[in-house]
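Novice:
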Amino acid sequence: MKTRFFPLMLLAIVVMFSASCNKKTKRPDFNVIPLPNHYYYNSHGKFVMDDDSRILVGNNPETMKTAEYLAAFLKEYGFNLPIKKVDQVNGVDNDIILRILDNPKEIQEEGYRLKVNSANVTIVSKDASGLFYGVQTFLQLLPVSFYTVNMEEVEVPGWIINDSPRFHYRGMHLDVGRHFFSVDFIKQYLDMMAMYKFNTFHWHLTEDQGWRIEIKKYPKLTEIGAFRDSTLVGKYSTKPHRWDGKRYGGYYTQDQIRDIVKYAADRHITIIPEIEMPGHSLAALAAYPELACTPGPFRPATLWGVFPDIYCPKEETFKFLEDVLTEVMDLFPGKYIHIGGDEAPKERWKESKLCQQIIKKQGLKNEEELQSYFVERIEKFLNAHGRQLIGWDEILEGGLSPGATVMSWRGVEGGIAAARAGHDAIMTPGNYCYFDHYQAGPEGEPIAIGGMTTLKEVYSYEPIPDELNKKESKHILGAQGNVWTEYMTTPRKVEYMVLPRMAALSEVLWTMPIKKSWGDFQRRVNNHFKRYNAFGWNYCPGTYKLDISEQKDTINGGYQVTIESEIYKPEIRYTLDGTDPTPQSDLYTDILQLMPTVEVKAAIFEEGKMKGKIVDFIVGKEKQKD
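Just so it is clear: in the sequence shown, position 278 is 277 by numbering that gives the first Met the number 0, and no numbers are missing.
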């Protein structure tokens, strides 16, 4: 009897052990965005966070700030973890350990090391920013259910992560001139940025349509310049133009700005204020018409676009701008001040006797060089106060100001020119980084300014132009997503236009290109859609446009035809007989092996209804029908 029992018992143990190993080694989905540059899975490292967990910190005050941020975040979802300051944190169970070390090995600037095991979660960095980014990664390791269901405990998979960013300028922009947004929404926008490890908020505060920052020395800027008497209804291209007849506007007090600056700093985000000059200044001229080259009167613009009246380069103007910038610098401690410099028509300068006298006196060739003179004067003032000037790439025209940093928006040429001349550049070309463009449709999509910048196009962007050599490439600081708000009237619309394109850009800027994968990003961002829903954020699920491509099959003959979509795991139905696809047509599951001249028609379906348009493709003709 014993001789039979032992083999059976041994077999049972082997089976149980095998099942246990299989269970332990099953790797969970890794849904972090931006994708860390190095990560590994430890099947024995699952951590369970519950009411007994604590947040442990050392004596570094920056560590305490991040601990307080983490504790406040977790408390919102029912986990009230106390913070405990300890001298020795090794060997403590069931806790989250946050540490900033003086010289940690293999951790770069803004980088972190995160390790999850059954005893604790440890996040280590060499600076405060890196620790904060490690916490953001930890929060993304929590399951979506953490944000949607009341839980007594939550499991965190055993990931080991060594991570640091590719670029040190990772920016998002928001125009509050065309449409004004509340302090609460600005803070939400900063939270969205923090989730994706952006570190720079470019705040576009002045425009033709509205001046949004309180300047105590010039109260008319907000009394008059912050409000327009009407707003365009519909698209600019729709004629005749119509207006709503409603007074519109708003501005941020200096106390509100200080509050926002601190809120951003607590999330390791530096704010770059933009005070437009010499163009896009109609709201300021409405308040102080003596700063123009013509007598006025002016009013804040009610149309979108570019207007001929701009600051006149007289001494009164420079005194005004220096006073304004002095108050701006007192509010914003970052090293950069953005002065715009874009879309400044020169008609008024050409007509102005004063401008022509300045051109002659300064030995300038034309009005473009007069703008360079204007920019250089402002730059000298900023430099004297320890600040650095940034401007749109028009500041290159007429000669680049010596220490200026260029934001390249009209393609990549501005960035290339700046880098070759030894100047720093931030890339923000419209084709990849303008989030006011359509991202799907445009049929069925909310109104946008135009263009088409899909999620996949954003993800495909490479900020360093091929034309630059290694030395020149070092001047490319990073890139930025721009959000111009002519057609974004509400926070919900801004959310829809930036999500999930913000997520895609974050991975462009953080993750090394060799680590990136569009297919894997699709899977991960689909998980983030669930997080957006949990946070109550609006977002675009993607374009329903299908892309059909072909490749010659040199072995079997014919072509291999692939049908792709931005939508994650879409239901694609197709036909090969020239008829339109229906919900009953063949389901696309893999590459099709087809012969030349076969007509492929395909479309996406959801719950029996077609989404988007039918795509028509003739195999072997390398041309898709419209």
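C-beta: ideal position from N, C-alpha, C; glycine also.
What is the rounded straight-line gap between the Cα of GLU605 and the Cα of ILE571?
Specialist: Rounded to whole angstroms, GLU605 and ILE571 show a C-alpha spacing of 9 Å.
Novice: Grab me the residues of TRP303's own chain with a C-beta within less than 6 Å of its C-beta, minus the 5 sequence neighbours each way, in chain order.
Specialist: TYR235 and GLU485
Novice: Would you identify the three-state DSSP class for GLY362, choosing helix, strand or coil?
Specialist: coil
Novice: In whole angstroms, what is the alpha-carbon distance linking ASN21 and ARG169?
Specialist: Unreliable positioning characterises ASN21 in this predicted model, as indicated by a pLDDT of 46, which lies under 50. The coordinate reading is nonetheless provided below. The alpha-carbon atoms of ASN21 and ARG169 are separated by roughly 41 Å.
Novice: Please list the terminal residues of the continuous beta strand (DSSP E) segment that includes TYR111.
Specialist: The continuous beta strand (DSSP E) containing TYR111 extends over residues 111-115.
Novice: My parser needs the alpha helix (DSSP H) runs of 4 or more residues fully inside the segment 173-206; what are they?
Specialist: 182-194
Novice: Roughly how many angstroms separate the alpha carbons of VAL457 and PRO164, rounded to a whole number?
Specialist: 18 Å
Novice: Is the separation between the beta-carbon of LYS216 and that of ASP322 shorter than 7 Å?
Specialist: In this structure, ASP322 lies closer than 7 Å to LYS216 by Cβ.
Novice: Would you call TRP517 buried or exposed, if buried means 16 or more other Cβ atoms sit within 10 Å of its Cβ?
Specialist: exposed
Novice: Label LEU80 either buried or exposed according to how many other C-beta atoms from any shown protein chain fall within 10 Å of its C-beta, with 16 as the threshold for buried.
Specialist: buried
Novice: Which term fits ASP174, buried or exposed, when burial requires 16 or more other beta carbons within 10 angstroms of its beta carbon?
Specialist: buried
Novice: Taking only runs of the beta strand (DSSP E) that begin and end inside the segment 106-172, which ones reach a length of at least 3 residues, in chain order?
Specialist: Here the runs fully enclosed are 111-115, 119-124, 153-155 and 158-162.
Novice: Report yes or no: do three or more beta-carbon pairs, one from the segment 498-510 and one from the segment 111-122, lie closer than 8 Å?
Specialist: no
Novice: Rounding to the nearest angstrom, what Cα-Cα distance links ASN537 and GLU368 in this structure?
Specialist: It is roughly 45 Å from the alpha-carbon of ASN537 to the alpha-carbon of GLU368.
Novice: If you drop the 5 nearest sequence neighbours on each side, which residues of the same chain put their C-beta closer than 6 Å to that of LYS197?
Specialist: Reading the sequence as shown, one finds Phe at residue 197 and not Lys. Excluding positions up to five away in sequence, the list reads ARG169 and MET171.
Novice: Reducing DSSP to helix, strand and coil, say where SER371 ends up.
Specialist: helix
Novice: Our contact map puts GLU206 next to HIS279 with C-beta atoms below 8 Å; I'd like the distance itself, whole angstroms only.
Specialist: 6 Å
Novice: Use the C-beta contact count for LYS83: other C-beta atoms within 10 angstroms, 16 or more gives buried, fewer gives exposed.
Specialist: By the Cβ-count criterion, LYS83 is exposed, with fewer than 16 other Cβ atoms from all chains shown falling within 10 Å of its own Cβ.
Novice: On the CB-based measure, 16 or more other CB atoms within 10 Å of its CB, does VAL232 come out buried or exposed?
Specialist: By the neighbour-count definition (other C-beta atoms within 10 Å, threshold 16), VAL232 is an exposed residue.
Novice: May I ask you to verify whether the segment 462-482 touches the segment 442-450, counting CB pairs closer than 8 Å and requiring at least 3?
Specialist: no
Novice: Would ARG347 be called buried (16 or more neighbouring beta carbons within 10 Å of its own) or exposed?
Specialist: By the neighbour-count rule (16 or more Cβ atoms within 10 Å), ARG347 is buried.
Novice: Quick check on GLU375 - is its C-beta less than 7 Å from some C-beta in chain C?
Specialist: Of the protein chains in this structure there is only one, and it is not chain C.
Novice: Specify, as a first and last residue, the run of the beta strand (DSSP E) that THR561 falls within.
Specialist: 558-564
Novice: Which residues in the same chain have their Cβ closer than 8 Å to the Cβ of LYS23, if we skip the five residues on either side of it in sequence?
Specialist: Unreliable placement is indicated for LYS23, whose pLDDT of 47 sits below 50; the coordinate value is still reported in the next sentence. Here the set comprises SER42 and HIS43.
Novice: Check whether the Cβ atoms of GLU471 and ARG386 lie closer than 7 Å to each other.
Specialist: no
Novice: Which of helix, strand or coil does DSSP assign to ARG211?
Specialist: coil
Novice: By alpha-carbon positions, which one of THR452, LEU508 and PHE145 ends up nearest to GLN479?
Specialist: LEU508
Novice: Within this structure, are the beta carbons of LEU100 and VAL123 separated by less than 7 Å?
Specialist: yes
Novice: May I have the straight-line CA-CA distance separating GLY295 from ILE336, to the nearest angstrom?
Specialist: 29 Å
Novice: Taking three-plus beta-carbon pairs below 8 Å as touching, is the segment 178-195 in contact with the segment 260-280?
Specialist: yes
Novice: Quick one: what's got a C-beta closer than 7 Å to GLN208's C-beta in the same chain, skipping five residues either side?
Specialist: Excluding residues within five positions, the ones whose Cβ falls inside 7 Å are GLY176, ARG177, ARG227, ALA282, PRO299 and ALA300.
Novice: Check whether the segment 142-162 and the segment 489-498 touch, using three or more Cβ-Cβ pairs below 8 Å as the test.
Specialist: no
Novice: Check whether the segment 61-75 and the segment 558-565 touch, using three or more Cβ-Cβ pairs below 8 Å as the test.
Specialist: no
Novice: Quick test of your reading: ASN119 and ASP92, contact by CB under 8 Å. State the CB separation rounded to the nearest angstrom.
Specialist: 6 Å
Novice: With a threshold of 8 Å on Cβ separation, who are the neighbours of THR325 within its own chain once the five nearest residues in sequence on each side are excluded?
Specialist: HIS384
Novice: Straight-line CA distance for MET276 to GLY340?
Specialist: 6 Å
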